[in-house]
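Adding 53 to a residue's 1-based position in the sequence shown gives its number in our numbering.
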Amino acid sequence: MKYPSNGSMLFTIGWGAANKPANIKPEVLQQLSIYAIHHNDSTCARSIGHVNVQFCGGLYEGGICYGDSGGPVFHWLGDRWEQVGISSSDPLIRSDQACRDLVDEAKDYLLLPQERLNMQGSRTRLRKPIKSGEVLFAVGGWCSDDAIASVEMFDPTTTEWRAVAPMSKRRCGVGVGVLNNLLYAVCGHDGVSYLNSVERFDPQTNQWSNDIAPTSSFRTSVGVAVLDGCLFAVGGQDGISCLNLVQKVNIYDPSVQRWFRVALMGTKRLGVAVAVLDGYLYAIGGSDRQSPLSTVERYDPKANKWLSVASMNTRRKHLGCTVYNGYICMYLVETQSNRYAEVQRFDPQTNQWSNDIAPTSSCRTSVGVAVLDGCLFAVGGQDGISCLNLVEKYDPSIQRWLRVASMGTKRLGVAVSVLDGYLYTIGGSDGQSPLSTVERCDPKANKWLSVASMNTRRKHLGCAVYNGYIYAVGGRDDATELSTAERYNPKLNQWSPVVAMNSRRSGVGLAVVNNHLMAIGGFYGAAYLKSVELYDSESNSWKLHGRMNYRRLGGGVGVIKIQQYDSILYGSNSTSNILSTSPDDLKNRSLSTYVDL
């Protein structure tokens, strides 16, 4: 058999003159491995003093020799060798038993193909490297009373926003679509006039191009979607009237570069949401310039016809829309008289809209929310007329909100925490003045009891459970915003002060992230904040910990655990395998970094 052939493996072993472990230095094995690769030699041997080194080559399905001390392992890809293994002699690996066990397990899997059926487990499962995932773009819009051209990109692997090249024109009400991994910005308004121009962004070059033909009409609030390799621009307004115009461009033929009209919608729509599902284009809601719409139309590209389907339960315009698990999901509802959050989904099989989450029994704001025993609790708040002591819980198993025992005190701007199976409501306002009182609910007995009050009256405070304590941070008393903080010990039923933050903050978000307590945003009396402070319990001190992109008051905070690195990945064709185990230095290093070739 010609060597190397596709699938060939090359690795090094060594032994001493008396068949004892060789203790060959990693750099020696590396140099000899490079020599063997350079000469495509599967059986070459070298003697270095009393040490003998043997290079073995073979196929995944063939016999593989192995020995006492393993060096780098390489895999022939047809035109080059790729390192897929590491040296067990590496000091970083040798210093930790868990590391050695994982490396031995990986080498056994790679070098003993006949045994792989008996080695299957979570670490042998093929998976997609997280760093090859998708990114999110925010394009144009309206800021500081003017249209903007700026574009930002969010990378979920780093949780960071960064600016990319801006568009050549400022655009609000712009339609955005992605086709062939290129981002299209269609029409919009530049703050002075309506646009018909189209720009295209290439993320590989970080450049916008203007070589796309303009649409036939100037418009904003246009819906854009991709169907059958074509970019569709749906509805909008031209400053004079609302439009039912629909156009498409076939981008696969750059020599044509034209927009073509297709059948008109039955209803004129601006601020319309569009989605593609099962080969159909949906136009959902929007406004006819007089009022929001609940109607929905579906376009069949083969018949070039629009048909009405089931209407939504609520009239809405400028709504969010996406396709998920075979449904069209709608978010960010807006009606004529007010705005509120709701989620609905459309099932094309039944032609029906349904609410994924039932609404609470009362409309309210400044409500406290927490999760206990698999249920979502909504506590207190105000309904625009009075302050509430109402408490409801949402049971996802029956998709219903249920009333539970009311608090003893009416509270708005209340903080809510869960500790040791109890629900705590902390501070807030009774509608007249801030409160220091605290109540605790036993969900099994469905009863509220008063516990020790805080040392300071606080409303719109931040609250979180950290190291077995409930921390109450910032907020506002009768006169001013607060920087002070205190914590509750449930065993002693006692509040004790902790060091104050660097900034006064009401409406502050408080969360525990990676075992650190973080205070996020808020209002210090003169301006909104985007700074973040981190609390160190050992030194009892706060320190600044970066800034958000935007100033925020009363923003919600939530922590989602994301498994960015698997324990070990091998047995796949991935070139970015990650080993994450102790010591911590291993966590972010690819296998190829352990042996410097």
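Every residue gets a Cβ at the ideal spot worked out from N, C-alpha and C, and that includes glycine. The model shown is predicted, which means the values in this text are computed figures rather than measured ones.
Residue environment, residue i, which counts as buried when at least 16 other CB atoms sit within 10 Å
i      : result
Thr478 : buried
Cys516 : buried
Gly292 : exposed
Lys652 : The chain is shown from 54 up to 650; residue 652 falls before or after that span and cannot be answered.
Ala191 : exposed
Ser486 : exposed
Arg351 : buried
Phe271 : buried
Lys355 : exposed
Val188 : exposed
Tyr393 : In this predicted model, Tyr393 has a pLDDT of only 46, less than 50, meaning its place in the structure is not dependable enough to derive any value.
Trp312 : buried
Val424 : exposed
His513 : buried
Leu170 : exposed
His569 : exposed
Ile381 : buried
Gly124 : Its pLDDT being 46, under 50, Gly124 is placed unreliably by the model, and the measurement read from it follows with that caveat. Classification for Gly124: buried.
Gln397 : buried
Gly480 : buried
Enclosing beta strand (DSSP E) for residue i [first to last residue]
i      : result
Ala278 : Gly276 to Leu280
Ser407 : Gln405 to Asn408
Met554 : Neither: Met554 is in no beta strand (DSSP E) and is coded neither H nor E.
Val325 : Careful: Val325 lies outside any beta strand (DSSP E) and carries neither H nor E.
Asp400 : Gln397 to Asp400
Cys428 : Cys428 to Val432
His569 : His569 to Phe576
Gln290 : Where Gln290 is concerned, there is no enclosing beta strand (DSSP E), given that its DSSP letter is neither H nor E.
Ala580 : Run containing Ala580: none; DSSP gives neither H nor E here.
Val245 : Where Val245 is concerned, there is no enclosing beta strand (DSSP E), given that its DSSP letter is neither H nor E.
Arg351 : Val349 to Asp353
Asn263 : Gln260 to Ile265
Cys516 : Gly515 to Tyr519
Gly492 : One detail in the question is off: residue 492 reads as Glu in this sequence, not Gly. Per DSSP, Glu492 belongs to the beta strand (DSSP E) from Val491 to Asp495.
Phe681 : This structure does not reach residue 681, given that the chain is present from 54 up to 650, and the question cannot be answered.
Asn593 : Segment: none, Asn593 is in no beta strand (DSSP E) and carries neither H nor E.
Lys463 : Where Lys463 is concerned, there is no enclosing beta strand (DSSP E), given that its DSSP letter is neither H nor E.
Thr478 : Tyr475 to Ile479
Spatially closest choice to residue i from the options, by CA coordinates
i      : options                           : result
Thr490 : Val192, Ser459 and Trp548         : Trp548
Ala7   : Phe576, Ser361 and Val422         : With the chain represented from 54 up to 650, any question about residue 7 goes unanswered, as that position is not in the structure.
Glu539 : Ser556, Asn546, Thr509 and Arg529 : Thr509
Ser590 : Leu189, Leu582 and Ala553         : Ala553
Arg45  : Gly339, Pro209 and Val362         : Nothing in the structure corresponds to residue 45, since the chain is present only between 54 and 650.
Val315 : Leu346, Gly288 and Ser197         : Gly288
Leu465 : Leu476, Gln452, Ala286 and Ile438 : Ile438
Val204 : Trp214, Ile337 and Gln167         : Trp214
Asn442 : Thr462, Arg453 and Gln452         : Thr462
Pro407 : Phe576, Asn378 and Phe399         : At residue 407 the sequence reads Ser, which differs from the Pro that was named. Checking every option, the nearest Cα to that of Ser407 belongs to Phe399.
Gly562 : Val518, Lys222, Arg223 and Asp341 : Val518
Ser584 : Ser594, Ser592 and Met571         : Met571
Thr403 : Thr375, Arg417, Val362 and Ser419 : Val362
Gly193 : Val239, Arg417, Tyr335 and Arg511 : Val239
Leu324 : Thr258, Ala216 and Gly228         : The identity of residue 324 in the sequence shown is Gly, whereas the question assumes Leu. Of the candidates Thr258, Ala216 and Gly228, the one whose C-alpha sits nearest the C-alpha of Gly324 is Gly228.
Trp454 : Ser470, Met460, Pro412 and Ser419 : Pro412
Ser556 : Val566, Pro543, Thr348 and Gly527 : Gly527
Val349 : Ser419, Ile337 and Leu360         : Ile337
Asp198 : Thr211, Glu168, Arg176 and Asp243 : Asp243
Gln435 : Gln452, Cys416 and Leu488         : Cys416
Gly276 : Tyr335, Lys544 and Pro219         : Tyr335
Ala200 : Val156, Ser221 and Phe207         : Ser221
Gly373 : Ser344, Asn357, Ala326 and Asp331 : Ala326
Ala458 : Ser470, Val471 and Leu476         : Leu476
Ala564 : Gly480, Lys544 and Val471         : Val471
Gln310 : Asp530, Ser250 and Ser503         : Ser250
Integer Cβ distance of residue i from residue j, believed to fall under 8 Å
i      : j      : result
Asp483 : Cys440 : 6 Å
Arg342 : Gln290 : 7 Å
Thr320 : Leu346 : 7 Å
Gly560 : Gly575 : 5 Å
Thr273 : Gly241 : 5 Å
Residue i beta carbon near the ligand FAD (any heavy atom closer than 7 Å)
i      : result
Trp406 : Because no ligand of any kind appears in the structure shown, any question about the ligand FAD cannot be addressed here.
Contact between the region 493–500 and the region 526–540 (3+ Cβ pairs under 8 Å): no
Meets three-Cβ-pair contact criterion under 8 Å: the region 279–290 and the region 254–264: no
Three-pair Cβ contact test at 8 Å for the region 447–455 versus the region 425–439: yes
Given 8 Å, three or more beta-carbon pairs between the region 515–530 and the region 497–504: The region 515–530 vs the region 497–504: no contact.
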